[in-house]
Amino acid sequence: MLLPITAAMTAVFVAIHLYIGRLRWLDVLPRHRWLSFSGGVAVSYVFLHVLPDLGLHQRAFSHELNLTETIAESIVYSLALLGLVAFYALERKVRLSRAKSRAKGKGDQYENHLEWVHASSYAALNLLIGYLLLHREEGGWVSLALYFGAMALHFLTVDHGMREDHREAYERRGRWVISAAVAAGWLLGALVTVPPVGVGFLFAFLAGGIVLNTLKEELPQERESRLWPFLLGAGLYAALMLAEEFIA
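Residue numbers (the working numbering): 1 to 248.
Structure below.
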């Protein structure tokens with residue numbers, strides 16, 4: 001029963017990636033309320049799911065690698081910091097490349113190698129997200145539904161931002177790469193089980209990228225984000241998470 005349901009969820013993720021450009025009602029300033037609501041949910045997910053999961057992976061590191069809890073904690077959070085710095089450096093190089101292109105009168109574009117590096121970084125995130133549909137730390141249908149909802153809204157926000165920033169590259173190749181990655185992640189999860197330490201290393205590194213990508217979509221001034229929908233999204237998701245804990 002789990003495989004067909006998660007396959008349908010994966011199909012929804014792919015549809016968001018491929019058809020975000022058809023949602024014309026999102027292309028407004030100030031930012032559409034749904035995007036700020038989605039951003040609030042994603043930020044709540046980071047603090048209530050991603051960061052606590054780092055603690056769970058810390059224990060796996062300590063047990064599987066025979067490390068003290070202090071050393072395991074340092075490794076996990078250092079990997080998360082490294083991921084955040086790596087994604088920040090990539091975003092900065094992309095923005096500098098686009099600025100140089102505009103200064104030379106070549107339009108709003110960036111170097112080909114950066115396009116592939118940028119797409120590959122998001123593909124790595126999507127591969128993990130697809131895999132975790134079947135192999136999350138928390139079991140149960142409520143947890144799965146909350147994970148799916150948070151990731152769908154996260155994709156809605158991030159994909160819209162990517163398409164705004166890199167429209168031509170996203171439409172031509174980017175959306176196909178990240179769509180294939182999330183489907184490949186689900187397929188990988190259906191066929192094999194990666195050792196917990198391997199997932200932990202990848203998750204810890206990509207957690208930094210998730211944090212950066214989530215916050216950068218809401219904080220820039222040019223996005224003109226809406227405060228109340230953002231707070232509603234964050235508060236509603238937090239309430240659902242707390243309700244799940246009490247029910248469990």
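The beta-carbon is built from N, C-alpha and C at its ideal position, and this holds for glycine as well. Owing to the predicted nature of the structure, the values given are computational and were not obtained by experimental measurement.
Asked                                                                                                           : Found
Nearest candidate by alpha-carbon position, reference residue 208, set 147, 117, 121 and 196                    : 121
CB contact flag (residue 76, residue 49, <8 Å)                                                                  : no
Runs of alpha helix (DSSP H) lying entirely within the segment 50-108, each at least 4 residues, in chain order : 51-64 and 69-103
Own chain, CB closer than 7 Å to residue 197, minus 5 neighbours either side, in chain order                    : 60, 61, 64 and 65
Nearest neighbour of residue 289, chosen from 211, 244 and 236 [CA to CA]                                       : Here the chain comprises residues numbered 1 to 248, so residue 289 is not present and cannot be evaluated.
DSSP-derived helix/strand/coil call for residue 1                                                               : coil
Straight-line gap, residue 6 to residue 226 (C-alpha atoms, nearest Å)                                          : 32 Å
Residue of 99, 135 and 74 minimising C-alpha distance to residue 166                                            : 99
CA nearest to the CA of residue 213, picked from 17, 190, 157 and 191                                           : 157
Through-space distance from residue 215 to residue 43, alpha-carbon basis                                       : 7 Å
Pairwise C-alpha distance: residue 103 and residue 187                                                          : 44 Å
Best match in 74, 175 and 55 for proximity to residue 22 [C-alpha to C-alpha]                                   : 175
Where residue 195 falls: helix, strand or coil (DSSP)                                                           : coil
Option nearest residue 73 by Cα separation, candidates 55, 233 and 239                                          : 55
Spatially closest choice to residue 168 from 119, 133 and 244, by CA coordinates                                : 119
Three-state secondary structure assigned by DSSP to residue 200                                                 : helix
Where residue 161 sits in the DSSP three-state scheme                                                           : helix
Pairwise C-alpha distance: residue 152 and residue 230                                                          : 16 Å
Local conformation of residue 245 per DSSP, three classes                                                       : helix
Residues near residue 235 by beta carbon distance below 7 Å, same chain, minus five either side                 : none
Distance between beta carbons of residue 182 and residue 14, contact taken as under 8 Å                         : 6 Å
For residue 142 and residue 243, the rounded distance between their alpha carbons                               : 10 Å
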